[in-house]
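The UniProt record's numbering puts the first residue of the sequence shown at 6, with every later residue one more than the last. Built from N, CA and C at the ideal position, the CB exists for glycine as well. Quick caveat: nothing in here was measured; it's all calculated off a predicted structure. As structure tokens, the structure follows; a few thoughts come after it.
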Amino acid sequence: DDTTTPLVPVTVLGTGAMGSALARTFLDRGHAVTVWNRTESKAAPLLAAGAAWRPTPAEAAAASPLVVVCLLDQTAVDDVLAAVGGAIDRRVLVNLTSGSPAHARSAASRVTGWGGEYVDGGIMADPSDIGSDRARLSFSGSRTAYDTHEPTLRELGTAVYYGDDPGLAAVEFLAQVGAGYELLIGLLHTLRLVQTEGADVAAFAERFAQSLEDGYPQVVRAIGKAVRDGDYPPDLGPLSVQAPLMDDLVAHRRSLGVDDTRMTEVRELMNARVAAGHGDEGLAGVFELLRPEKG
Ligand code: FVH
């Protein structure tokens, strides 16, 4: 019926794996889509699917009120922003390229300097997830621009807006991905231990995955609240009980020749907290010893 608001025309700058998935999703939802890519041939499938081509970033940006940028890295974004320049005037630029909070803030000031509005975003998904709720997107920056285009951006996956500071989406992305790698490097070292002891690494990984589903979520939530409040009740038990276990964990890895860097770090932090009189508190209290120091 003609009461529905007309779909926003969208320009996508960068049609690599992810940029193509974004453009195709907008096409599938019925938007008029304009694309530009440094290598024109890579945009061919999208043109065949109905997207319009513009030969320069500026002309492509001028074609739509909503301009989505998805390029390899921050250097690419800087190159393309320079080529867009004043063409972004009175338009919204949504940057979905992975990058640092500082870069998001500098890109935001460039875009607003040209009369545009800037929204930064992080995509936690593979290109094949785009268009489904398996794709998780974080956004930050101009609240009015986000509110205006939220319906369109939500077509890409589940979207969360973190606030006016354009750097907040990158903070969330780097924290989520960073916590994941901190966990997974520890898992990889532990799989080396499991294999060295002659056990089945895949079976162990299956059991560990189960324990991540069962026990860890409430520990993660409890630690978040404890750090927020600066109050550290026992979490995986009191530190006085946890700390002695560390000697076994470190010794076992050392006996197998398995890396014990992180386990030794945990032991030293726990022992320091116990020595400072916090043995009746939880592991979360180790937060007080981590750089940068508070205050
Ligand atoms: N792909 C994924 O699974 C991950 C999931 C999480 C989020 N990332 C981020 O998405 C950004 C783009 O990643 P991508 O997978 O699309 O990367 P490519 O397929 O390699 O496409 C890169 C595009 O960037 C263009 N490009 C590179 N350098 C420049 C430049 N100096 N000037 C202009 N464009 C440039 C490249 O153009 P071309 O090589 O086709 O000419 C592609 O369009 C990324 O931030 C991931 O961290 C994806």
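CB-CB length for Ala68 against Arg59, believed under 8 Å: The sequence position of residue 68 within the sequence shown is 63, counting from 1. The sequence position of residue 59 within the sequence shown is 54, counting from 1. That pair is a contact at about 6 Å.
Sub-8 Å separation of Leu98 and Gly19 beta-carbons: Numbered from its first residue, the sequence shown carries residue 98 at position 93. Numbered from its first residue, the sequence shown carries residue 19 at position 14. Contact annotation: Leu98 and Gly19 have beta-carbon atoms that are not nearer than 8 Å.
If you count every other CB in all the chains shown that lies within 10 Å of the CB of Glu177, and 16 or more means buried, which is it? Within the sequence shown, residue 177 is the residue found at index 172, counting from 1. Buried, since its Cβ has 16 or more Cβ neighbours within 10 Å.
Residue range of the unbroken beta strand (DSSP E) whose run includes Leu158: Here residue 158 is taken as the residue at index 153 of the sequence shown, counted from 1. It is not in any beta strand (DSSP E) - Leu158 instead sits in the alpha helix (DSSP H) that spans Arg148 to Leu158.
Is Ser103 near the ligand FVH, judged by its Cβ being under 7 Å from some heavy atom? Working through the sequence shown from its first residue, we reach residue 103 at position 98. Yes, Cβ of Ser103 sits closer than 7 Å to a heavy atom of the ligand FVH.
If you measure from the CB of Asn42, is any heavy atom of the ligand FVH nearer than 7 Å? Position 37 of the sequence shown, counted from the start, is the residue given in the question as residue 42. Yes - the ligand FVH has a heavy atom lying nearer than 7 Å to the Cβ of Asn42.
For Val97, three-class secondary structure by DSSP: As a first step, residue 97 is located in the sequence shown; it is residue number 92 there, counting from the start. DSSP places Val97 in strand when its eight states are reduced to three.
Is Glu122 buried or exposed, if buried means 16 or more other CB atoms sit within 10 Å of its CB? Taking the sequence shown and counting its residues from 1, one reaches residue 122 at position 117. The residue in question, Glu122, is buried, as its Cβ has 16 or more Cβ neighbours within 10 Å.
Take Asp6 and list the residues in its own chain whose beta-carbon comes closer than 7 Å to its own, dropping the five residues that flank it on each side. Taking the sequence shown and counting its residues from 1, the one referred to as residue 6 is at position 1. Bear in mind that a pLDDT of 48 at Asp6, under 50, signals an unreliable position, so the number given afterwards is only what the model happens to contain. Nothing listed; no residue qualifies.
Judging by CA-CA distance, which residue of Val225, Val206, Ser46 and Gly162 is the nearest neighbour of Ala130? Here the question's residue 130 lines up with position 125 in the sequence shown. The shortest C-alpha to C-alpha distance from Ala130 to any of Val225, Val206, Ser46 and Gly162 is the one to Gly162.
Can the beta-carbon of Ser133 be found less than 8 Å from the beta-carbon of Gly168? One-based indexing of the sequence shown puts residue 133 at position 128. One-based indexing of the sequence shown puts residue 168 at position 163. No; because the gap between Cβ atoms is not below 8 Å, this pair is not in contact.
Along the chain, where does the beta strand (DSSP E) that runs through Tyr166 open and close? Against the sequence shown, residue 166 aligns to sequence position 161. That run of the beta strand (DSSP E) goes Thr163 to Tyr166.
Host alpha helix (DSSP H) of Thr201 (start-end): Indexing the sequence shown from 1 puts residue 201 at position 196. Its alpha helix (DSSP H) spans residues Leu173 to Thr201.
For His108, which residues from the same chain have a beta carbon less than 6 Å from its beta carbon, with the 5 sequence-adjacent residues on both sides left out? What you label residue 108 is simply residue 103 of the sequence shown in a count that begins at 1. Cβ within range, chain order: Gln79.
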